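**Q** Protein chains in written order, with our numbering: chain A, 1 to 411; chain B, 1001 to 1339; chain C, 2001 to 2292. From the three backbone atoms N, C-alpha and C, an ideal C-beta is built for every residue, glycine too. Since the model is a prediction, treat every value here as computed from it, not as a measurement.
Given below as structure tokens:
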């Protein structure tokens, strides 16, 4: 029977190794808001609990953690990169400032690799690290995927992508909603006396939200959508769709898609010889887009953050804040910050504001944001959570043109 | 007969008991919630990979489209529970039935193809389903996905609690494994093996090979549907990116890395791949200070290496332990056959 | 439905179709000489495009960057064949599928590490104004793509039919044992075909990049479509694959244009399924049963 015994011994060892690995993997600290509620943990965990994070209820907190779920890698990283950079810059600034009322703030980043399921696991990791708030995610669908979990854990959830703020009192949206962006576009259209628009969008979570919001806004105006086309977000040629649009003779083409699709549409647009303007959504307000259209970018407009054209704005409090952020970002990364950086920065600075007012637990931070923040001047725009937790206001947005491969302010 | 069976198929109950013991014991050792989530996901995915194992390993038919069946399960469950008052469990069974029927219908023409052509056809099917899901926005939520899928409850036990869900999903997985081992040891299983070895020879014996292939295809599809439904009720959200072709490919990789010749290869391979991702991330973040991209490279590398040097999959390592002690094994054989 | 629209769709379709055709040729080459379906073919296109962009970034002029990029990619193909594929030759089809999939994941990861995630652009090779035909517009890049495709077809025909090496490659496909007996080293043939396919992939990548920008994940979808093109056209010969590619491109353009842009891909893949069910050797393939 020796063979059987040895085999069992080997298997037993393998299992033991597995269990040891599982226990060692990841912090062993239990956070009361996240552990499986009837976990039969009889003995203390095998790893010494030496992580410095305090549980949210402890009054002697020396460090609190803020969790971020962002796409540092994978296809959405073109958007996520500036978010990640902002987080790094912010941590640096926090470290330079030192503890606030004795409390140190640590930012914990989880890269979810553009995979919704991995994002859910990432939230688990953050919860087990005892974060008091969550900032995320780079994409619309991912934000929706992790929302239930964060809400269940009763943490304040500051989203850097559009999300449903009605899901819970703890959800705060940092982005201008499709409606808000749409209103900026509408204003521009009315200023230029345009009534016939063609709409083309990518078939992803971001792209499909634009038109319904816009259609709501134009009710009662004389603006009508004369053509609507869609394309797969990863498609490489949209000439066919644009040809169909050309037939409908619109006065402007509105594009709702992230890059690189947005850039391809713009290029096809120029090739086909359209002589009408094109307006792109905020998802095209990045350097990648500028690169893509550099051969011919006349008459192409993009709704973006005032950050990108801060120098050309009239002097104001907002202008100085924008310039301060932009210069700090540029100094650190030698790159221009974009709207996504602004969202991330706003989320983090709001939480810090709450901490400065003496709030260090999830519940108190959430309460503060809801009731005491008032009219908050963010980089994305002004926030007023008493009025709506679902969008930033439009005052941080502007329709930009392109000149000499850089953004310009359209008057 | 059972001794013969044991010789042919390997021990039957010992791995099963070990498996149950492991599942029961793990919650006592695992505290980190994200590891727990991973264990639950392994359970969910294993249900699909066991089915795929039956199809690819025993019957020898490659499918690169099982994410489509997973999607049908998830979406039918999701749509039924968010838009109507059907009980989630009824919706789940309905989804399995629908998936079985769809797979049967599509299987009849598809399984006439072999090898690479079959793989390509299943891939094509996956893409078509993906596009339909993304396009039929009114029903499926389109690119934005379905939100607020409710949690399950079993006899009053609330399954939104991870621990409860863990036990239920692994109980389901155990049932599926049991069912599959039964099939493997039954005449149908032998038939499938013989089809794998030589379809022509099997047909000359008067067997309608096509019928059995389609049956196994549809069965594995309904397993995938079960998986999908459970996923939807666990994450409470489903969107198209989760069920595109990369997921199908991942499932096949899990089966092959684990070992396609034994049912146990499926959960093993699933666990390996899921933990591999976690381990690589930990190592690269904590020790090497590199982020994300490394993982993909190591991942691809591991897959290639395993396929080249361990073509029978990781499960074969366990049977090799047996082979390491041949002399004693022969003695046991003689004893048992009454020699 | 006016004529200009139809012509525009045709031009788009043929342009995109030529890209698929170029990739399909690479697939066919490897498949016919080694029996392997190389899922990593799309990644060769990515490597070709990205290397070319890097070379240009380092100051190489266009006429030097392109051949260098093609050369680099061929070496990658050769290297992969010698180290990994050779050892895995005896595996079952399922294993080969998973291995080449693993390879494509590996290459994609390496691509991401080397070149990052931002899309990179390549300026068009010919800088000329778009041409107007019957009311529709054709860019100079489109024209260039057609020209390259035709030139390649001629070159490949000459190579396979008129040169010793080409005939040796074809012989290894048809009957490896006999080829061996005739003194042809089938091992080297396999290596050669991989390098050739990699080079072809690189050319496709370099040609596409000015139109669509290069990213590390560009390989997946175009690889898949190239695959589909090969199956639709016929896996046995290059001309079949090319016809398949062009057909697929035109089909896509027309269903995008006249039916719906949402479902056009579904239509393409449904056609794939139909072809597989009704005529698996492809529309233009010869009915030599062996490979199916």
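Which of helix, strand or coil does DSSP assign to residue 1034 of chain B?
**A** Residue 1034 of chain B falls in the helix class under three-state DSSP.
**Q** Contact defined as beta carbons within less than 8 Å: I believe residue 259 of chain A pairs with residue 2119 of chain C. What is the distance between those atoms, to the nearest angstrom?
**A** Confirmed, about 7 Å.
**Q** Report the residue ranges of all alpha helix (DSSP H) runs contained in full by the stretch 1099-1137 of chain B; include only those spanning at least 4 residues, in chain order.
**A** With a minimum length of 4 residues, the continuous alpha helix (DSSP H) runs that stay inside the stretch 1099-1137 of chain B are 1115-1135.
**Q** Please give the ranges of any beta strand (DSSP E) in the stretch 202-281 of chain A, keeping only runs that are unbroken, at least 3 residues long and fully inside the region.
**A** Entirely contained in the stretch 202-281 of chain A, the beta strand (DSSP E) runs reaching 3 residues are, in chain order, 224-231, 252-256, 278-280.
**Q** Taking Cβ positions, are residue 346 of chain A and residue 174 of chain A nearer each other than 7 Å?
**A** Contact: yes.
**Q** Under a three-way DSSP split, which group does residue 1243 of chain B fall into?
**A** DSSP places residue 1243 of chain B in helix when its eight states are reduced to three.
**Q** Give me the Cα-Cα distance between residue 126 of chain A and residue 395 of chain A, rounded to the nearest whole angstrom.
**A** Straight-line Cα distance between these residues: approximately 33 Å.
**Q** Can you give me the C-alpha to C-alpha distance between residue 2063 of chain C and residue 297 of chain A, rounded to a whole angstrom?
**A** Distance between the alpha carbons of residue 2063 of chain C and residue 297 of chain A is about 27 Å.
**Q** Does the beta-carbon distance from residue 2179 of chain C to residue 2172 of chain C come in below 7 Å?
**A** Yes.
**Q** Alpha carbon to alpha carbon, how far is residue 1018 of chain B from residue 2047 of chain C? Give it in angstroms, no decimals.
**A** Near 47 Å, if we compare the C-alpha coordinates of residue 1018 of chain B and residue 2047 of chain C.
**Q** CB-CB under 6 Å to residue 2006 of chain C, same chain, minus the five flanking residues each way: which ones, in chain order?
**A** Around residue 2006 of chain C: no qualifying Cβ.
**Q** For a minimum of 4 consecutive residues, which ranges assigned as the alpha helix (DSSP H) are wholly contained in the stretch 295-373 of chain A?
**A** Counting whole runs of 4 or more residues, the stretch 295-373 of chain A contains the alpha helix (DSSP H) stretches 317-333, 339-356, 362-367.
**Q** Since residue 1041 of chain B and residue 1274 of chain B should fall inside the 8 Å C-beta cutoff, what is the C-beta to C-beta distance between them, to a whole number of angstroms?
**A** Yes, they are in contact, since the Cβ atoms of residue 1041 of chain B and residue 1274 of chain B sit about 6 Å apart, within 8 Å.
**Q** Just the chain C side, please: which residues come within less than 9 Å of residue 1296 of chain B by C-beta, in chain order?
**A** Those are 2105, 2106, 2108, 2109, 2110, 2112, 2113, listed as they occur along chain C.
**Q** Taking residue 121 of chain A as the query, report the chain B residues whose CB atoms sit under 7 Å from its CB, ordered along the chain.
**A** Going along chain B in sequence order, the residues near residue 121 of chain A (Cβ under 7 Å) are 1034, 1037, 1038.
**Q** Assuming residue 2228 of chain C and residue 2261 of chain C make a contact with CB atoms under 8 Å, what is their CB distance in whole Å?
**A** With a Cβ gap of about 18 Å, residue 2228 of chain C and residue 2261 of chain C do not count as contacting.
**Q** Using a Cβ-Cβ cut-off of 6 Å (strictly less than) and excluding sequence neighbours within five positions of residue 165 of chain A, which residues of its own chain qualify?
**A** Hits under 6 Å: 171, 173, 389, 390.
**Q** Look at the alpha carbon of residue 2299 of chain C and the alpha carbon of residue 380 of chain A, and state the distance between them as a whole number of angstroms.
**A** As displayed, chain C neither begins before 2001 nor continues past 2292, which places residue 2299 of chain C out of reach and without an answer.
**Q** Under DSSP, the alpha helix (DSSP H) around residue 1167 of chain B begins and ends at which residues?
**A** Its alpha helix (DSSP H) spans residues 1162-1185.
**Q** In three-state terms, what does DSSP make of residue 394 of chain A?
**A** Residue state, collapsed to three classes: helix.
**Q** Determine the burial state of residue 43 of chain A: buried for a count of at least 16 other Cβ atoms within 10 Å of its Cβ, exposed for fewer.
**A** Since pLDDT at residue 43 of chain A reaches only 31, below the 50 mark, its modelled position is unreliable, and the value read off the structure follows with that caveat. Exposed is the call here.
**Q** Under 7 Å, do residue 1119 of chain B and residue 1055 of chain B count as touching if we go by C-beta distance?
**A** Against a cut-off of 7 Å, the Cβ pair of residue 1055 of chain B and residue 1119 of chain B comes out as no contact.
**Q** Classify residue 136 of chain A as helix, strand or coil using the three-state DSSP reduction.
**A** Looking at residue 136 of chain A - three-state DSSP - the assignment turns out to be strand.
**Q** Write down the C-beta distance between residue 75 of chain A and residue 2217 of chain C rounded to the nearest angstrom, noting that I regard them as a contact closer than 8 Å.
**A** About 6 Å; that satisfies the 8 Å criterion.
**Q** What do you reckon, are the CB atoms on residue 2143 of chain C and residue 2043 of chain C nearer than 7 Å?
**A** No. Outside cutoff.
**Q** Starting from residue 2138 of chain C, follow the beta strand (DSSP E) in both directions and report where the run begins and ends.
**A** Element bounds for residue 2138 of chain C: 2136-2138.
**Q** Just to make sure I have the definition right: I need the residues of chain C whose C-beta is within less than 8 Å of the C-beta of residue 77 of chain A. Which are they?
**A** What residue 77 of chain A touches in chain C: 2117.
**Q** Could you check the C-alpha separation between residue 73 of chain A and residue 278 of chain A for me, to the nearest Å?
**A** Cα-Cα distance, rounded: 30 Å.
**Q** Quick one, which of A/348, A/213, A/337 has its alpha-carbon nearest residue 90 of chain A's?
**A** That would be A/348, whose Cα lies nearest to the Cα of residue 90 of chain A.
**Q** Ordered along the chain, which non-local residues of its own chain (more than five positions away) have a Cβ less than 6 Å from that of residue 2139 of chain C?
**A** Excluding residues within five positions, the ones whose Cβ falls inside 6 Å are 2130.
**Q** Give me whichever residues DSSP pairs with residue 197 of chain A in a beta bridge.
**A** Beta-bridge pairing links residue 197 of chain A to A/225, A/252.
**Q** Taking the alpha-carbon positions, what's the residue 2096 of chain C to residue 1116 of chain B distance?
**A** Residue 2096 of chain C and residue 1116 of chain B: Cα-Cα distance of roughly 10 Å.
**Q** Buried or exposed: which applies to residue 1022 of chain B, given that a residue is buried once 16 or more other Cβ atoms fall within 10 Å of its Cβ?
**A** Flag for residue 1022 of chain B reads exposed.
**Q** Is it buried or exposed, residue 1035 of chain B, if we count other Cβ atoms within 10 angstroms and call 16 or more buried?
**A** Per the 10 Å Cβ criterion, buried.
**Q** Specify the secondary structure class of residue 46 of chain A as computed by DSSP and reduced to three states.
**A** Any reading at residue 46 of chain A is ruled out, since the residue's pLDDT is 32, under 50, leaving its predicted position unreliable.
**Q** From this set, B/1195, B/1158, B/1089, B/1076, which residue's C-alpha is nearest residue 1207 of chain B's C-alpha?
**A** The shortest C-alpha separation from residue 1207 of chain B is found at B/1195.
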